[in-house]
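A.B. asks: Structure provided below as structure tokens; questions to follow.
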Amino acid sequence: MIDSTLPILMGLVYLLGGIGHFAAADSFQEIYPPMGTWGIWYLPGSAAFHVAWTGIIELFCGAGLIFSGIRDAIGSEDGEEENILINFIKPICASMLFLLTILVTPANIYMFTHGAVMGDMAPP
48 MIDSTLPILM
58 GLVYLLGGIG
68 HFAAADSFQE
78 IYPPMGTWGI
88 WYLPGSAAFH
98 VAWTGIIELF
108 CGAGLIFSGI
118 RDAIGSEDGE
128 EENILINFIK
138 PICASMLFLL
148 TILVTPANIY
158 MFTHGAVMGD
168 MAPP
């Protein structure tokens, strides 16, 4: 049961987060570290670019987790004769989201260490 429930729940979290990247793009851009932060932050591209590509990954991989979780929950009638690519949707999406989480951690650290806020939220 957890093989289907957890991917669906995590998929919803990431899918909603991906939607948030576009619905509240300005808020996400406000927590993107500016060039030179910590003396090492020299990532090419604008904050808008990075918010967009991370949102796209969250949307597609979140949807992939939901799809694979629902597929596991209802079962498959074809058995082992399925398309091999479909069997790898869950591990590929989970791996990509794990890597994405590591890659966006500096923005979260910046938000907490520099008092950056998302939209109208008050600083902690």
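In our numbering, the protein residues as written are 48 to 171. The beta-carbon is built from N, C-alpha and C at its ideal position, and this holds for glycine as well.
Should G65 be labelled buried (16 or more other beta-carbon atoms within 10 Å of its own) or exposed?
C.D. replies: buried
A.B. asks: Please look up how many angstroms separate the CB atoms of S74 and G162, rounded, as I've assumed it's under 8 Å.
C.D. replies: About 15 Å separates the two Cβ atoms, so there is no contact after all.
A.B. asks: When burial is assigned at 16 or more other CB atoms within 10 Å of the CB, is I103 buried or exposed?
C.D. replies: exposed
A.B. asks: In chain order, what residues of the same chain lie with their CB nearer than 6 Å to the CB of V98, ignoring the 5 residues before and after it?
C.D. replies: H68, A72, F75, Q76
A.B. asks: Spatial neighbours of T148 within its chain, please: C-beta separation below 6 Å, excluding the five flanking residues on both sides.
C.D. replies: none
A.B. asks: Quick check: G109 and S51, are their CB atoms within less than 7 Å of each other?
C.D. replies: no
A.B. asks: Do the CB positions of P80 and K137 come within less than 7 Å of each other?
C.D. replies: no
A.B. asks: A120 to W88, Cα distance in whole Å?
C.D. replies: 43 Å
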